[in-house]
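Residue numbers (my numbering), protein chains in the order written: chain Y, -18 to 285; chain E, -18 to 285.
Everything on this sheet refers to the single structure shown next.
Number of protein chains: 2
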Amino acid sequence: MEHNKTSAAISPTKRVRCIVKLGGAAITCKIKLETIDEENLKEVSSQLRQAFVLDSTSANVLGMDWSKRPGQSEVPSIINDFSDQPVADSESFIVVHGAGSFGHFQSSKSGVHKGGLSRPLVKAGFVATRISVTSLNLEIVRALAREGIPSIGMSPFSCGWSTRQRNMTEADISMVIKAIDTGFVPVMHGDAVLDALQECTILSGDVIIRHLVHFFLRGPPVEPAAVLIREIAVREDGSWSVVKPKLEDTIEFTVAAHDTTGGMVTKITEAAMIAKLVIDVYITKAGTDHSVKALSWNLERWHT
Amino acid sequence: MEHNKTSAAISPTKRVRCIVKLGGAAITCKIKLETIDEENLKEVSSQLRQAFVLDSTSANVLGMDWSKRPGQSEVPSIINDFSDQPVADSESFIVVHGAGSFGHFQSSKSGVHKGGLSRPLVKAGFVATRISVTSLNLEIVRALAREGIPSIGMSPFSCGWSTRQRNMTEADISMVIKAIDTGFVPVMHGDAVLDALQECTILSGDVIIRHLVHFFLRGPPVEPAAVLIREIAVREDGSWSVVKPKLEDTIEFTVAAHDTTGGMVTKITEAAMIAKLVIDVYITKAGTDHSVKALSWNLERWHT
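Here you go:
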């Protein structure tokens, strides 16, 4: 992986506490086309507020989504409450979300991940995929903003991120750093991007996370292996295999036909790459007690 | 204005025929909060298709917005038509749109244009403004895509554009160039951005256009002055005044209280700066015969 010079030269002044991946299946109804799991998204956003916005209670949330609500012509009255409020600060974190029932259909139907922009179907699919994933991104940014999290949507494509034969080559993170340093929470997502060899492809949220981890997270040099890492062996070349529990048969990972980002195999591969850097990786179901626990555990270790 | 090194080093391989500004008042109901003028937006998008997509008729439009339509659970059936289609190409252009009834309320209420991100109201307003303008951007991208225009939303903030005391300093257009070179139509918009001195401000669509003009348009070296330019005198320092028709009194431009981008004064100032480069500037009402005429005139001159 090559890094853009701009990125390498800039260091964030604020320390990023963690990178939160919101799985597509957790925030959308994965089998129902372009449908957000509103209840789960609200719960996840609330949990993130509790974990990261200091002195936050559900009673003193100052919403930052001032858009018109459906069926109303007026803006939310919450804006008038701001004048009395002290400065509320939040700890630095980054959100990366998957696509769930957004984007996958458009990209798989057109074969955007395989490249070839001169084909009308691929070109149209590229446009359609970006429309779908950016509309999901907007809704997630809004859900977080409603919980008082200063979220900022940032599309990998617009940030200038691109690949070469599906491997990330250009990923200037200077704007991500600036957003964090000024107190915002970047919200990134899997996206259709340009590829130097095959013209275009799909950049998955998991690959984005691995890239961000390199820049933002510093793992402790010697640390007992985390729970999930004890079960997977990662070889020098980045390949991995499950070693615990011991299994008689080989494991088979199924990938849904419409999933153009590789499903669980990609997720575990990327998680393994991060684990190699001695950085904690938790895979939990979003919006549950497990995710709260994972966030708290991270918080405890952060402060010790 | 300083230019980022990356931008200066890259030249587009495709020639950009024109930069189209869609005024906020033309595509939204300016007095009705966050309401799109659907009819006008559809008409404008159709006109842009006719002007730029080669061999385009209303009968053979291949829509590129494959999102679920309201009240439907299925995607549009149009996708199945692509396999039979020859490669349709479109001439290169860029769309920049204003905010209209999107964003202005959020930015003026919080004073984002005046800066000061340490104030909770400004910080929340920054988030709220970006949510509002990016949701408008998404709808415009979708409207253009439905007309078969390969539109790609690109937010100035995400592109890393920023200002210093409200003057543009960093505006890396390498991604805009890449989008054009690969056959897409970048759709940019006025946005809340970071400012090196006052922490944040609003970057108007008109300022964005002037910046893009410097890179993408090459005016003929000697050319009779365009209609609008005959009426305005532009001085060396960039200031301007109306000289034709001759007026007894000074002209007063009114700016709506909620308009944080400067209204017509900014528009004319930016237009004058572009005119200084001997580049045609047409200010017409979008979606009318006048705009068709302006686009055709541009087309004729383009081909001669």
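Glycine is no exception: its CB is placed at the ideal position from the N, C-alpha and C atoms.
| Item | Value |
| --- | --- |
| Near-chain Y residues of the segment 86 to 114 of chain E (beta-carbon distance less than 7 Å), N- to C-terminal order | Phe86, Gln87, Lys90, Leu98, Ser99, Pro101, Leu102, Lys104, Ala105, Val108, Ala109, Arg111, Ile112 and Ser113 |
| Stretch pair the segment 180 to 189 of chain Y + the segment 143 to 156 of chain Y: three plus CB contacts closer than 8 Å | yes |
| DSSP-derived helix/strand/coil call for Thr110/E | helix |
| Gly44/Y, buried or exposed, once every other Cβ within 10 Å from all chains shown has been counted against 16 | buried |
| Beta-ladder partner(s) of Val194/Y, from DSSP | None, per the DSSP bridge assignment. |
| 9 Å Cβ cutoff met for His78/Y and Leu175/Y | no |
| Per DSSP, cross-strand counterpart(s) of Glu24/E | The partner list for Glu24/E (beta bridge, DSSP) is empty, contrary to what the question assumes. |
| Cβ of Ala126/Y within 9 Å of any chain E Cβ | yes |
| Alpha carbon of Asp46/Y to alpha carbon of Ile183/Y, nearest angstrom | 29 Å |
| Residues that Glu180/Y bridges to, as DSSP identifies them | Asp176/Y |
| Met149/Y at chain E interface by Cβ criterion, 9 Å | no |
| Endpoints, the alpha helix (DSSP H) within which Asn154/Y is located | The sequence shown places Ile at residue 154/Y, not Asn. It is not in any alpha helix (DSSP H) - Ile154/Y carries neither H nor E in the DSSP assignment. |
| Straight-line Cα distance separating Val103/Y from Gly92/Y | 6 Å |
| Thr16/Y versus Thr250/E - alpha carbon distance | 45 Å |
| Among Gly84/E, His271/E, Gln53/E and Leu98/E, nearest to Asp172/E - alpha-carbon criterion | Gly84/E |
| Straight-line Cα distance separating Ile133/E from Gly97/E | 31 Å |
| Val122/E: contacting residues in chain Y (beta-carbon distance under 9 Å) | Val108, Arg111, Ile112 and Thr115 |
| Residue-level contact to chain E via CB, Ser132/Y, 9 Å cutoff | yes |
| Per DSSP, cross-strand counterpart(s) of Gly134/Y | Val168/Y |
| CB-CB length for Ala7/E against Lys266/E, believed under 8 Å | 7 Å |
| Whole-angstrom distance between Ala160/Y and Phe33/E, CA atom to CA atom | 36 Å |
| Contact with chain Y by Leu119/E, beta-carbon distance below 9 Å | yes |
| Presumed contact (8 Å Cβ cut-off) between Val(-3)/E and Leu198/E, rounded CB distance | 7 Å |
| Interface residues of chain Y facing Glu15/E [CB-CB closer than 8 Å] | Ser48 and Lys49 |
| Cβ shell of Ala126/E (< 7 Å), same chain only, five flanking positions each side left out | Gly44, Met45, Asp46 and Ser132 |
| Cα-Cα separation between Ser99/E and Lys23/Y, rounded to whole angstroms | 27 Å |
| Integer Cβ distance of Gly5/Y from Lys13/Y, believed to fall under 8 Å | Actually they do not touch by this definition, with Cβ atoms about 12 Å apart. |
| is_contact[Ser37/Y, chain E] using C-beta, thresh 9 Å | no |
| Rounded straight-line distance, which links the Cα of Arg123/E to that of Glu20/E | 14 Å |
| Under 7 Å from the C-beta of Lys159/Y: neighbouring residues of chain E | Leu175 |
| Any chain E beta carbon closer than 9 Å to Phe63/Y | yes |
| For Cys(-1)/E and Leu258/E, the rounded distance between their alpha carbons | 14 Å |
| Contact set between Glu180/E and chain Y, taken where Cβ atoms lie within less than 8 Å | Thr163 |
| Distance, Cys140/E Cα to His271/Y Cα | 36 Å |
| Listed by chain order, chain Y residues near Gly171/E by CB distance under 8 Å | Those within 8 Å of Gly171/E in chain Y number zero; the least Cβ separation is about 15 Å. |
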